[in-house]
């Protein structure tokens, strides 16, 4: 199998001010198959950015080795290399020069980046006249304009408005479809799960888990909650589609196995394409179950207002108190426009004696062992006493 | 892609042909490796530095770019002539002004190139610490940009000398003198940049060092004016800045050519460049983390 990145025993040591050595990375090894995407998760100081800097070639490792197949582009700090007195076009050309492009290739690259960022009209104005958002969009566009086989992204995903972020996601997915590999570092576990198929959890510079992204992020999230650290932080878009109300039908008390409907009314100042998600949270705000229109394969709803209705025909939850959360996503199901947790808890009561959180649909059966054929001359007691006494009758 | 500006080859088809990026070896081995890689590094760094310098020069290019040194020369000439009664400035003002201008223009490469080149790595720390590209280009950029400005001024001076009829075939050497001085300043800037990345000391050192260098170098004054102390004239003979200024003035027909100055300039440039190469080989793997 061809690999995009192969890392063996990477270690990076830093000398602190007191002269002691600190391991930013310690014996990190992993393999990224070609065309796959890797999500890096971990607490602050775990070594995620250090790993990306080493792979970007910006800093050498202390020991170990690595290799990558194909051109490798990194976006580890937006705006690095920009000169405020140069125009946007000049800065794009300068970044292209730093990437080794020259002449027509550099001009083509710069023009492509400006068009992607929708900044062609402002291209010839000095950068100090641009807003910070425009500068970040140009920086991100310059990085994505390359036909890279391996792309490294470090906490740079939340750039620009929702429209630009959507185009960035489309561009990334197009690169993935073309077989490019992406290494994404983000504190948003949701973004990692949506974009990456493999996950690498770093803790204290060491690999804690290397496997499927969903599993790696789940393990990291569980560890985070255990340590009492801050949960995953989500930030709704400041001005965009909003959740107006969340309604539970038939009410806030439902029986196990009965139907539950959740209606989410939303509105938007401008026409938007949105997905909706609903989650049931336990008392520690951990998701017990969740559904999403994008996860169910539905197309996003387009408009300026509407009401989503989630119908759970047979609520498979047992007695307990849950909180109902609702989310409003962009058309990719990635960027969260808004989220809310219903103020009143949902109480579920079960009639039967089952215990636990979830009622599993099940069937019981029982199988008796196979008995020997009756001895010759033995009376067929089943005919007089019924099959229940067959065994005891034989013993007698 | 390698570490700290080193560009590694990539295999075309999967990892089977892609080379491993190993940890940097011990510094003794790195020196030999740096010497082996130097031509490739320069081939990568110089074009990039030239493009960056061109963009910066266009940004700064303005009529003031030429007027400022001219006004400076006239101001110094007036002070030296009227206040200090300097001989040549009074008796042969045109020649004296041309000598002053030649010295000031060439010395401006040192002033601006060192001042901005020495802090280039730290000023662009976001770029240096997170992106792989030839780091030398950042240090060469201000030196080349100022060399272009000074070269333009020296070309105008050459025209003036030609008009006066003192310009000879040796004027072609002016290109070599400017190139050699740019190399000398680049090497010095590289050493200071590495020092600044580690100790953040270059800015302070230049704040004191550049004025001293200006006084110790015959930019605004003539060595013939030195009165007492023959040892001072001998000290001037080993001053590389004085050597380069003498070569530039002799190229323009404004002074006599001295072979000793050529030997001094070449020796100092070779020593400083060699020292810069050794120090860079030693500190290159750490620069990205120190900035």
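Residue numbers (our numbering), protein chains in the order written: chain V, 2 to 397; chain Z, 556 to 846. Backbone N, C-alpha and C define an ideal beta-carbon position, used for all residues, glycine too.
- Look at residue 653(Z) here: in three-state DSSP terms it is helix.
- Residues of chain Z whose Cβ lies closer than 7 angstroms to the Cβ of residue 62(V) are, in chain order, 578.
- Judged by DSSP secondary structure, residue 41(V) falls within the beta strand (DSSP E) whose first and last residues are 38 to 42.
- Spatial neighbours of residue 98(V) in its own chain (CB-CB distance under 8 angstroms, excluding positions within 5 residues in sequence) are listed in chain order as 107.
- One alpha carbon belongs to residue 251(V), the other to residue 264(V), and they sit about 11 angstroms apart.
- In this chain, the alpha helix (DSSP H) harbouring residue 694(Z) covers 691 to 719.
- Taking C-alpha positions only, residue 298(V) is separated from residue 314(V) by approximately 19 angstroms.
- The C-alpha of residue 691(Z) lies about 60 angstroms from the C-alpha of residue 308(V).
- Take the alpha-carbon of residue 817(Z) and the one of residue 678(Z): they are about 35 angstroms apart.
- Within its own chain, the residues whose Cβ lies closer than 8 angstroms to the Cβ of residue 63(V), once the five positions on either side in sequence are excluded, are 12, 13, 14, listed in chain order.
- Rounded to the nearest whole angstrom, the CA to CA distance from residue 27(V) to residue 48(V) is 9 angstroms.
- In the DSSP annotation of this structure, the continuous segment of the alpha helix (DSSP H) that includes residue 730(Z) starts and ends at 728 to 754.
- Boundaries of the alpha helix (DSSP H) harbouring residue 838(Z): 814 to 845, taken from the DSSP string.
- Cβ neighbours of residue 726(Z) within its own chain (closer than 7 angstroms, five residues either side excluded): 713, 806, 807.
- In the three-state DSSP reduction, residue 165(V) falls in the helix class (H, G or I).
- With at least 16 other beta carbons inside 10 angstroms of its own, residue 118(V) counts as buried.
- At a C-beta separation below 9 angstroms, residue 15(V) has these neighbours in chain Z: 844.
- Along the region 67 to 97 of chain V, the positions whose C-beta sits under 8 angstroms from a C-beta of chain Z are 67, 68, 69, 70, 71, 72, 73, 75, 77, 78, 80, 81, 82, 84, 86, 87, 91, 94, 95, read in chain order.
- DSSP places residue 315(V) outside both helix and strand once states are collapsed to three, so it counts as coil.
- For residue 626(Z), not one C-beta of chain V is nearer than 8 angstroms to its own C-beta.
- In summary, no residue of the region 581 to 595 of chain Z has a CB separated from any CB of chain V by less than 7 angstroms.
- In the structure shown, residue 304(V) adopts extended strand secondary structure according to DSSP, grouped into three states.
- One alpha carbon belongs to residue 601(Z), the other to residue 820(Z), and they sit about 22 angstroms apart.
- In the pairwise beta carbon analysis, the region 327 to 345 of chain V is classified as touching the region 267 to 280 of chain V: at least three pairs are separated by under 8 angstroms.
- The continuous beta strand (DSSP E) containing residue 330(V) extends over residues 321 to 330.
- Leaving aside the five residues that flank residue 295(V) on each side, the residues in its chain whose CB is nearer than 6 angstroms to its CB run, in chain order, 276, 334.
- At a cut-off of 8 angstroms, the C-beta of residue 99(V) has a neighbouring C-beta in chain Z.
- Taking a Cβ-Cβ cut-off of 8 angstroms, residue 761(Z) has no neighbours in chain V, whose nearest Cβ is about 22 angstroms from it.
- A direct Cα-Cα distance of roughly 38 angstroms separates residue 360(V) from residue 241(V).
- Counting the other Cβ atoms within 10 Å of the Cβ of residue 6(V) gives 16 or more, which makes it buried.
- Going by DSSP, residue 280(V) is part of the beta strand (DSSP E) stretching over 261 to 282.
- A Cβ of chain Z is located within less than 8 angstroms of the beta carbon of residue 65(V).
- Buried is the label assigned to residue 338(V), since at least 16 other Cβ atoms lie within 10 Å of its Cβ.
- Listed along chain V are 7, 9, 66, 67, 68, each with a C-beta nearer than 9 angstroms to that of residue 575(Z).
- Counting along the chain, the unbroken alpha helix (DSSP H) around residue 114(V) starts and ends at 104 to 117.
- Taking 8 angstroms as the upper bound for CB-CB distance, residue 695(Z) and residue 604(Z) are in contact here, some 4 angstroms apart.
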